[in-house]
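Numbering (my numbering), first residue to last: 185 to 690.
Positions of the beta carbon are idealized from the N, C-alpha and C atoms, including for glycine.
Read the structure below first, then the notes.
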Amino acid sequence: MRRREVILAGLSWPVLGLWGANALAAEPAATPAAAFGEDTVPALARALAAQPFKPQSKQLPASLEKIGYDQYRGIRYNPDQALWRGLGLPFQAQFFHRGFFFRDRVDVYEVENGRAQPVIYKPSQFRFEGVSAPSENDLGYAGFRLHAPLNRPEYFDEVCAFLGASYFRAVAKGQAYGLSARGLAIKTADPAGEEFPVFRAFWLERPAREARRAVVHALMDSPSAAAAFRFEIVPGVETVFDVSMRLYPRVSLDRAGIAPLTSMYQFDANDRNGIDDYRPAVHDSDGLALINGRGEQIWRPLHNPAVLQESAFEDRAPRGFGLMQRKREFADYADSEAHYERRPSLWVEPVGDWGEGSVRLIEIPTADEFHDNIVAYWRPTQALAPGREHRFDYRLHWCDRHEWLPQLATVTGTRIGAGGKGARRIVIDLAGGALARLPAGSEPRAVVSASKGRVANVVAHAMPAPGSWRVAFELEPGQERSVELRMRLEDARGALSEIWLYRWTA
């Protein structure tokens, strides 16, 4: 079971009482559609933030109150009941039932021609296996998923899902679900406990017949803030979300995480201490990639630490960051069930100037592959003040490989093992970019530095595959428990590779 599922048990959110509240329990025929525009959800969020936070009841009907994971999986939406099914439209929506950890109510509306109509929950929309169907007709939903012809034109594949707190995830063509995004992170890795905002309501715009994108609006709430979101979702070889967030804090937010990503990393060749597993690697993501405001491309391999680690990459106006899955061959994982080679990478591309702040990376110890333990997000330097609007626009790229700076070689692997007495041997493989176009006789050099300890025996040499090089060196940490490492491949003309960063811990 994933961390994003486990945490949901402690969440709560208030009843939607600002817009169309009386419509939620009414039948569609008896409910007049309400006017809806681009400013509707921001106005709701602004008004919500001006009120004290009110938790919503999590009580469920008796038949659902104590169901477990397997029973919850037995509650399935009937595809024949999908929103927009049979209308010849390019998208369809299906819904998740409340239950198990997903107890909170989500209200859903369909928007057509500037009017919003509630999508009414009915037990008959679901198939119940191993659990009795509730008799209530006013339960709302736990979330929804969008379907579209992603892999073949005649079949509506699941493209994305919004389920639990402010979590959502998506896939591109040929992929399987992996890491998730969230609407907002608050106090991540805070010893006093993290706060998990939740989506309370969604508005789904009915697509035109020729539409390539789906448009979703969302209202988010938490004790510290309310927010309005607008998502434009374009499925494809690279599935792209254009996201606009308008955030209205109730209190000063000095630990807000913008565009947060959540993933899982258990082990790889750089991180096999105590691992007894036939597979060479197990992870949804293998590294944090960044292109900072200075145009530097950075690769930071992920690590499963013994104790929680937080890293900050200070920046101004970042060009992008993401949790990536670079290894794309079956042999990289040898897992015929999980198929980690099919998991998405997720790149965040800020739109506009995000100002000063830092990309934060949180690495949490995990003993298995069932709990998310990696978090990355942007934290503004200045606290986000209450009583005003804070806007963040960005683009999410769910992809195999994002388009990097083409002139630079990228890191393809990091390996760590025993070196000389008391030393650790670190090996970094690189390929592509300038390495594929080196003039004959070129001798790239590896520039390596360490914050503590001593670096020795640095070598760089070509590998058998064209355009591939290997850098190796030894770290002598002495009594140090943590060392920040940096490496870049260069020649007389300048940088040949992205910057490799790593935090070695004892």
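- Beta-bridge annotation (DSSP): Ser542 is paired with Glu498 and Arg563.
- Collapsing the DSSP output to three states places Glu525 in a helix.
- Nearest Cα to Val655 within the set Gly441, Val643, Pro274 and Pro661: Val643.
- Only buried fits Ala410, as 16 or more other CB atoms lie within 10 angstroms of its CB.
- The secondary-structure analysis by DSSP pairs Trp268 with nothing; it has no beta-bridge partner.
- 8 Å or more divides the Cβ of Met448 from the Cβ of Asn321.
- Listed in chain order, the non-local C-beta contacts of Gln566 below 7 Å within the same chain number zero, local neighbours out to five positions each way being set aside.
- Between Ala369 and Tyr578, the C-beta gap is not smaller than 8 Å, which leaves the two residues out of contact.
- Judged by beta-carbon spacing, Ser406 lies beyond the 8 Å limit of Glu389, meaning their Cβ atoms are not closer than that value.
- Under the three-state reduction of DSSP output, Leu368 falls in the strand class.
- In the structure shown, Ala231 falls within a helical segment according to DSSP collapsed to helix, strand and coil.
- If you check the CB distance, Pro628 and Leu568 do not come in under 8 Å.
- Shown here for Gly601: same chain residues with a beta carbon closer than 7 Å to its own, the five before and five after excluded, namely Arg609 in chain order.
- Between the C-alpha atoms of Asn641 and Arg599 there is a straight-line separation of about 16 Å.
- Taking 8 Å as the upper bound for CB-CB distance, Gln255 and Gly314 are in contact here, some 5 Å apart.
- Residue environment analysis places Val400 among the buried positions, since at least 16 neighbouring C-beta atoms fall within 10 angstroms of its C-beta.
- Between the segment 419-432 and the segment 353-363 there are three or more inter-stretch CB-CB distances shorter than 8 Å, so the stretches are counted as touching.
- The continuous alpha helix (DSSP H) containing Asp254 extends over residues Tyr253 to Arg257.
- In this model, Phe415 and Val427 are separated by some 5 Å (Cα to Cα).
- A straight line joining the alpha-carbon of Glu249 with that of Phe284 spans about 8 Å.
- Under the three-pair Cβ rule at 8 Å, the segment 543-551 does not count as touching the segment 459-470.
- Between the alpha carbons of Gly606 and Ser635 lies a distance of about 17 Å.
- When secondary structure is reduced to three states using DSSP, Gln276 falls in the strand class.
- Non-local beta-carbon contacts of Arg670 in its own chain, meaning distances under 6 Å to residues more than five positions away in sequence, involve Ser633 and Leu685 in chain order.
- Put simply, the backbone Cα of Val418 is about 32 Å away from that of His487.
- Taking all protein chains shown into account, Ser241 has fewer than 16 neighbouring C-beta atoms within 10 Å of its C-beta and is therefore exposed.
- Rounded to whole angstroms, the Cβ separation of Ala676 and Ser652 is 21 Å, and the two are not in contact under 8 Å.
- In the three-state DSSP reduction, Phe237 falls in the coil class, being neither helix nor strand.
- DSSP, read as helix, strand or coil, puts Ala515 in helix.
- For Asp291, the uninterrupted beta strand (DSSP E) segment begins and ends at Asp291 to Glu296.
- Per DSSP, reduced to three states, the secondary structure at Leu622 is coil, with no helix or strand assignment.
- Taking the Cα positions, His586 is about 14 Å away from Leu592.
- Scanning its chain for C-beta atoms nearer than 7 Å, with the 5 sequence neighbours on each side dropped, one finds around Arg687 the residues His487, Gln493, Ser495, Ser666 and Glu668, in chain order.
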